[in-house]
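Residue numbers (the numbering used here): 3 to 175. Glycine is no exception: its CB is placed at the ideal position from the N, C-alpha and C atoms. To start, the structure under review is shown below, and the notes come after it.
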């Protein structure tokens, strides 16, 4: 029986050592921290610009129901009273969010006492003063926040969303 002169006998111990090293590298790659929420505009999906309201329509800490990017995507505009991430207007305190829980699609309720959106289904809570960051519950993503713009007449326009809307395979119309 003749042997191939090009074959190398790595041995079981050497093979398993290399496989273990490769598995450890793959595990470390999956553990690298991911930013909790992308900076406004960084991971944003642009939709057609849509007028949602006028600044004069908003009352401090009272939600104004809107729909964006289409009629099947309920949302809310909020004037929070202090500068917040993604906020627009002269005080940087106006934000907009989807009001459908990203976990299972339950309609969210606004709690004016702590400025959170709350899910009655599985109790996820989202902090409106922190860009819709999840603070409790079963959801695996933050609350989708609208990319807003205010024109010189005080009209508020939505121009994109920074997270995937519940029930959609992608953020496209």
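Asked: Bridge partners - residue 90, DSSP secondary structure assignment; Found: 96
Asked: Given residue 2 as reference, the closest of 147, 168, 154 and 139 once Cα atoms are compared; Found: Because the chain spans 3 through 175 in this model, residue 2 falls outside it and cannot be assessed.
Asked: Through-space distance from residue 123 to residue 87, alpha-carbon basis; Found: 27 Å
Asked: contact_flag[the region 51 to 64, the region 78 to 97] where n(CB pairs < 8 Å) is 3 or more; Found: yes
Asked: Distance, residue 131 Cα to residue 125 Cα; Found: 18 Å
Asked: Boundaries of the beta strand (DSSP E) in which residue 171 is found, first to last residue; Found: Taken as a continuous stretch (DSSP letters only), residue 171 belongs to no beta strand (DSSP E), as it is neither H nor E.
Asked: Euclidean distance between Cα positions of residue 166 and residue 128; Found: 15 Å
Asked: Residue 31 versus residue 67 - alpha carbon distance; Found: At residue 31, the pLDDT of 47 sits below 50, so the modelled position is not reliable; the number obtained from the coordinates is stated separately. Cα to Cα, the separation comes out at about 41 Å.
Asked: Residue 74 in three-state terms, based on DSSP; Found: coil
Asked: Residue 34 versus residue 136: straight-line alpha-carbon distance, rounded; Found: Reliability fails at residue 34, whose pLDDT of 39 lies under 50, so the model's placement of it is uncertain and no value is given.
Asked: Exposed unless 16 or more other CB atoms sit within 10 angstroms - verdict on residue 65; Found: buried
Asked: Proximity of residue 104 and residue 49 at Cβ, strictly below 8 Å; Found: no
Asked: Close beta carbons around residue 111, own chain, < 6 Å, minus the five adjacent residues each side; Found: 120
Asked: Nearest to residue 84 (by Cα), restricted to the options 52, 73 and 96; Found: 96
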